[in-house]
């Protein structure tokens, strides 16, 4: 489910700055490898808690965030609330194993632009970020 517009933009002059909010070091490594395979995408932050995500978002400029709903401490829902309130122009992509209609609806209500299932849509993260360029 998508909420972002598909209007064309001028090409970016710098790589996209992406924050990964994911509690699994293994998943983070796979995401970094997937995303940084593209020279126009730069993972500039990696965190595993809600508090660390909020601190990173408030201290560094990002173009997009990939948000897991289940974090080591806190939750991705708190991160989405913060993004919606403080950084509404930042692309929010939820990537989770908690792929239920209720989780999807809550994520979208809190401002997520995309909701992806880790088990079947992992590679779509790069495709979605590519649309920002």
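Residue numbers (the working numbering): 17 to 149. Don't be surprised by glycine CBs; every beta carbon is placed ideally from N, CA and C.
Per DSSP, cross-strand counterpart(s) of residue 82: In DSSP, residue 82 forms a bridge with 36, 109.
Buried versus exposed, by CB contacts within 10 Å (16 or more), residue 84: Here residue 84 is buried, its C-beta having at least 16 other C-beta atoms within 10 Å.
Environment of residue 35 [buried if 16+ CB atoms lie within 10 Å]: With 16 or more Cβ atoms within 10 Å of its Cβ, residue 35 is classed as buried.
Own chain, CB closer than 7 Å to residue 39, minus 5 neighbours either side, in chain order: Closer than 7 Å at the Cβ level, and outside the excluded window around residue 39, lie 64, 84, 86, 87, 88.
Residue 93 (DSSP reduced to helix, strand or coil): Looking at residue 93 - three-state DSSP - the assignment turns out to be helix.
Identified DSSP bridge partners for residue 132: According to DSSP, which records beta bridges pairwise, residue 132 is partnered with 111.
Where residue 22 falls: helix, strand or coil (DSSP): Confidence at residue 22 is low in this model, with a pLDDT of 40, below 50, so its placement is unreliable and no value can be given for it.
Backbone secondary structure at residue 63 - three-state DSSP: In this structure, residue 63 counts as strand in the three-state DSSP scheme.
Burial state of residue 62 (16 or more Cβ within 10 Å): Around the beta-carbon of residue 62, 16 or more other beta-carbon atoms lie within 10 Å, marking it buried.
Environment of residue 112 [buried if 16+ CB atoms lie within 10 Å]: By the C-beta density criterion, residue 112 is buried, having at least 16 other C-beta atoms within 10 angstroms.
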